[in-house]
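Undergrad: Below is one structure. I have some questions about it.
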Amino acid sequence: MENAYQLWKEGKSGSHHVWGKIELEKISEFSVIVFLHEKYKWLNKLGRLIGITHLDQQIRILFASNSYDILYAPYSTQNTKFLLFLKLLKLYRKPIVVTIHSPFLGTNSSSKWIRWLTKKLLLTYDASIYLSESLMNQGIEKLGIKKEVAANQIYTAQWGPDLTFYNKSQFKAGKEEMYLISAGHTSRDYVTLINAFRQLDYQLKIFCTPKSMPNIENLPKNVTIYSEFIPYFELMKFYLNSKIILIPLKYETRNEGCQGMTSIQDVVALGKPTVITKNKTLNLDVEKEGFGIFVDMGDVSGWVKAINMLMNDEVRMEKMKQNALSVYQNKFNAEIFAKQLKKVFLDVKAKAID
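Numbering-wise, my numbering puts 246 at position 228 of the sequence shown, and it's gapless, one number per residue.
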C-alpha cells in the first residue's frame, strides 16, 4: 500500500489503488495512515509456514494499537487473519473494516459447519464492505445472516477509478492503432483469447506476468505477449492507442466475485469499448451500460463474433466510448466510493463510542 501511495504522489498511478484514502481525507475528518507493509521478513516466513500471510504487519499493527482508532483492510483476510482470530477471542478490540472482493472464505461450502464458522468470522469484523451488491446478497443468503444484523454490519460500495489522474494531458488519446489489448494476471483466460485470434486478422497485445503467461504452443503471428514488468504509467499508453480492451476470465463458479473489476476501471476511465467474460457478480453490467459485450467463459467463437462485430462498426464503438466515459463521471469513480466509505466509518465510530 505504501508503494501505491508513493506512485500516486509521483503522479504515476491513480488514487483508487490506495483504496479511498485520498478522497476520504478530502471529505471527512478521518486521517488514513498507510501502515508499513513489511519490516521483519523472518516473521512473514514464519507466517507462511503456519498459513498466515503478512504476519509481520499484523503483529506490528497489534502493538501499535494506540496510534489508530479503526483498522481498515481493503484485502480483508489477506492481512487480518491473525488479528481476526485474536478479535474472535476478544484479545484484540480495535474495530476492523474490510472490503470483500470474492465469496468470503467458506460462503459457498456445502458444509453447514464451515458456513457457520464463515458467518462467525465475517460478523467478527465490525463492518464488511462488499464490492458487489450481488456478491453481498449471495453471502447474506448463503450464510443465513438476519436482515437486522446485515443492516448493522454489512455494506456495499462500488470501487471506482480516480477522477483526477486520467484527466492528465498524456491520457488524451491521439490516433488509435489497429490493435486490441488485454492486460492483467488474476483469473485470466489468455488461452481462449489466443485461440480466438487464430481466426481473426487483428493484432493482439497481451500484458501479463511470468506466472500468468499462457502455456500455449504455436503462438499466432498476430499475437504478442509481454511478460516482463511494465509500470502502470507505461501500460496506459498501450491502452490509449488500442481499439478495444479485452478482459478474458477463467475461474471456478463457486469463486465468482469481482474478477475483472480492476481492468474495467481502465475501460471506463480511458473511454474504451470492451469485451469481457460474463461475470454476474460484477456491479457494472457492461452491456446494460452500453460500453461492452459479454462472452461466455471459454467460448472461442463468442470472442471471434464479438470482436468482428465491434471492429466492423465504428459508429457503435464511438458510442461505447461515450457511454464508458459517462459511467466514469457519474456512477463509477473514487469520489463515489469515498462517500460510502465515509458513511461506513462514521457508523463504526458511532458504535465504538456507544
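Backbone N, C-alpha and C fix where the C-beta goes; we use that ideal spot for every residue, glycine too.
Using three-state DSSP, classify G310 as helix, strand or coil.
TA: It is a strand residue.
Undergrad: Where F48 and N326 are concerned, what is the direct C-alpha to C-alpha distance, given to the nearest angstrom?
TA: 49 Å
Undergrad: Does the beta-carbon of I114 have 16 or more other beta-carbons within 10 angstroms, so that it is buried, or is it exposed?
TA: buried
Undergrad: Contact check, V116 vs I147 under 8 Å by CB: the rounded distance?
TA: 7 Å
Undergrad: With which residues is F225 paired in a DSSP beta bridge?
TA: F225 is bridged to A201 and Y244.
Undergrad: According to DSSP, simplified to helix, strand and coil, what is A91?
TA: strand
Undergrad: Which residues in the same chain as D180 place their Cβ atom closer than 6 Å to its Cβ, once the five residues preceding and following it in sequence are excluded?
TA: G32, S33, H34 and A352
Undergrad: Quick one: which unbroken beta strand (DSSP E) runs of 3-plus residues sit fully inside the region 58-112? Chain order, please.
TA: Fully enclosed beta strand (DSSP E) runs of 3 or longer: 89-91.
Undergrad: Please report how far the alpha carbon of L67 lies from the alpha carbon of G320, in whole angstroms.
TA: The alpha-carbon atoms of L67 and G320 are separated by roughly 43 Å.
Undergrad: Using CA coordinates, which residue listed in S152, D314 and G310 is at the minimum distance from R334?
TA: G310
Undergrad: Given this structure, state the Cα-to-Cα distance separating K59 from D74, to the nearest angstrom.
TA: 7 Å
Undergrad: Who are the near neighbours of I248 in its chain, counting only those whose CB is closer than 7 Å to its CB and skipping five residues on each side?
TA: F225
Undergrad: Compare the C-alpha of L102 against each of N301, V36 and H72 and name the closest.
TA: H72
Undergrad: Can you tell me the Cα-Cα spacing of F183 and W131, whole angstroms?
TA: When only Cα atoms are considered, F183 and W131 end up about 46 Å apart.
Undergrad: Quick one: grab the DSSP three-state call for L288.
TA: helix
Undergrad: Count the other C-beta atoms from every protein chain shown that fall within 10 angstroms of the C-beta of P232, then say buried if there are 16 or more, exposed otherwise.
TA: buried
Undergrad: Among S230, Y197, E195 and Q217, which residue has its Cα nearest to the Cα of Y208?
TA: S230
Undergrad: Quick check on DSSP: helix, strand or coil for V116?
TA: strand
Undergrad: Report the three-state DSSP secondary structure of R216 (helix, strand or coil).
TA: coil
Undergrad: Could you check what DSSP says for V293 in three-state terms: helix, strand or coil?
TA: strand
Undergrad: Just to check my reading of the structure: L198 and Y220 have Cβ atoms closer than 8 Å, yes? What is that Cβ distance to the nearest angstrom?
TA: 6 Å
Undergrad: What does a CB cutoff of less than 6 Å around Y244 pick up in its chain, not counting 5 residues either side in sequence?
TA: F225
Undergrad: Among the candidates D331, L140 and S152, whose CA atom is the shortest distance from the CA of K261?
TA: D331
Undergrad: Enumerate in chain order the residues of its own chain whose CB-to-CB distance from E43 is below 8 Å, with the five nearest sequence positions on each side excluded.
TA: S49 and V50
Undergrad: Can you check which of these residues, L218, H55, L253 and L211, is closest to I234 by C-alpha distance?
TA: L211
Undergrad: S150 and L343 - do their beta-carbons sit closer together than 8 Å?
TA: no
Undergrad: Put A368 into one of helix, strand or coil per three-state DSSP.
TA: helix
Undergrad: Do you know whose CA, among L80, A145, A22 and K137, lies nearest K361's CA?
TA: A145
Undergrad: What beta strand (DSSP E) runs, 3 residues minimum, are completely inside the region 297-361?
TA: 310-313
Undergrad: Considering only C-alpha positions, which residue in the set G308, V313 and K339 is nearest to G289?
TA: K339
Undergrad: Would the beta-carbon of V286 fall within 8 Å of that of F355?
TA: no
Undergrad: Using C-beta distances below 8 Å, list every residue in its chain close to K138, excluding the 5 sequence neighbours before and after it, in chain order.
TA: L106
Undergrad: Please name the residue, chosen from K39, V52 and L161, that lies closest to T136 on a Cα-to-Cα basis.
TA: L161
Undergrad: Rounding to the nearest angstrom, what Cα-Cα distance links Y143 and E195 in this structure?
TA: Taking the straight line joining both Cα atoms gives about 48 Å.
Undergrad: What does the Cβ neighbour count give for I45, buried or exposed, with the cut at 16 atoms within 10 Å?
TA: exposed
Undergrad: So T136 is in the alpha helix (DSSP H); what residue range does that whole segment cover?
TA: Per DSSP, the unbroken alpha helix (DSSP H) holding T136 starts and ends at K130 to L140.
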